[in-house]
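First comes the structure, then the notes that go with it.
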Amino acid sequence: MKIKKLHDWDMTPSQAIALQRELAQKVSVCGTLPDIHLVAGADVWHSRTSGMGRAAVVVLSYPDMQLVEVSRSEGHCHFPYIPGLLSFREMPLLLSAFEGLENIPDLILMDGQGLAHPRRLGIASHLGLFLNKPVIGCAKSRLIGEYTALDESAGSFSDLYHNTELIGRVMRTRQGVNPLFISVGHKICLEEACSMVAECCRGYRLPEPTRQAHLAAAELI
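Plus 18 on top of the position in the sequence shown (first one is 1) and you've got the working numbering.
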């Protein structure tokens with residue numbers, strides 16, 4: 019898969035923050051999805067001791083969610099762990115994994131934030147700019163924002179706001195389990211993003227693309 023070169027990675031945290039503000043202006047929060055035949059999920063695993071990371075991208079057929087391809091990339095994560103700057107730590111490995119794909123996905127679900135980020139450029143949005151593809155941020159926890167409590171039923175949801183701005187949606191995908199935090203990554207609207215996440219769920223908390231990417235990053239598939 020061809021990757022658009024946006025910038026280099028050798029920068030300080032303050033330079034990374036400035037770049038996030040610049041790139042956030044290029045994110046598309048709307049767009050018509052193409053016909054979806056292949057959906058990818060992406061996740062990154064980290065060693066707690068060695069500083070090594072492993073990115074995994076899985077490509078699944080849509081709508082039946084059958085595994086088509088797995089691509090992984092391993093290496094050192096050179097950028098420090100700083101909340102809000104996750105993409106500068108994980109993106110080099112992610113892009114290497116995407117470069118290894120032979121089957122090009124029509125849509126990507128990224129385990130992480132999109133617009134639900136202090137500078138509106140979470141890892142899902144950053145990835146979307148590199149790939150020039152529709153990307154959905156599908157995070158397991160909240161980074162920023164406020165929302166009203168959800169009921170326990172599957173399918174319940176609440177909009178996520180930050181300083182009165184709608185930045186995402188909190189959605190319970192399975193009864194009695196913690197909800198997911200869905201946000202626009204790039205080239206998709208919030209309604210379509212939430213609809214696609216729901217359609218990709220197969221009885222687990224995580225939608226199938228990111229669930230299988232998590233397993234692949236941990237080398238469990």
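Where a beta carbon is used, it is the ideal one built from N, C-alpha and C, also for glycine.
Can you tell me which of the three DSSP states residue i falls into?
| i | result |
| --- | --- |
| residue 172 | coil |
| residue 149 | helix |
| residue 112 | helix |
| residue 229 | helix |
| residue 97 | coil |
| residue 120 | coil |
| residue 143 | helix |
| residue 195 | coil |
| residue 46 | coil |
| residue 41 | helix |
| residue 201 | strand |
| residue 90 | strand |
Less than 7 Å between the beta carbons of residue i and residue j, yes or no?
| i | j | result |
| --- | --- | --- |
| residue 132 | residue 202 | yes |
| residue 155 | residue 130 | yes |
| residue 58 | residue 86 | no |
| residue 185 | residue 134 | yes |
| residue 2 | residue 176 | Residue 2 is absent from the model: the chain starts at 19 and stops at 239. |
| residue 46 | residue 205 | yes |
According to DSSP, what are the bridge partners of residue i?
| i | result |
| --- | --- |
| residue 234 | None, per the DSSP bridge assignment. |
| residue 63 | 72 |
Taking residue i as the reference, give the member of the options with the closest Cα.
| i | options | result |
| --- | --- | --- |
| residue 43 | 112, 140 and 69 | 140 |
| residue 96 | 207, 88, 111 and 90 | 111 |
| residue 78 | 158, 69, 127 and 194 | 127 |
| residue 26 | 105, 67 and 56 | 105 |
| residue 174 | 197, 159 and 163 | 197 |
| residue 118 | 136, 71, 81 and 92 | 92 |
| residue 115 | 52, 168 and 60 | 60 |
| residue 83 | 217, 205, 41 and 103 | 217 |
| residue 191 | 183, 215 and 205 | 215 |
| residue 88 | 165, 73 and 94 | 73 |
Using a C-beta cutoff of 7 Å, does residue i count as contacting chain B?
| i | result |
| --- | --- |
| residue 79 | In the structure shown, chain B does not exist; there is a single protein chain. |
The beta strand (DSSP E) spanning residue i covers which residue range?
| i | result |
| --- | --- |
| residue 127 | 125–128 |
| residue 183 | 183–189 |
How is the alpha helix (DSSP H) around residue i delimited, first residue to last?
| i | result |
| --- | --- |
| residue 159 | First-last for residue 159: undefined, no H or E at that position. |
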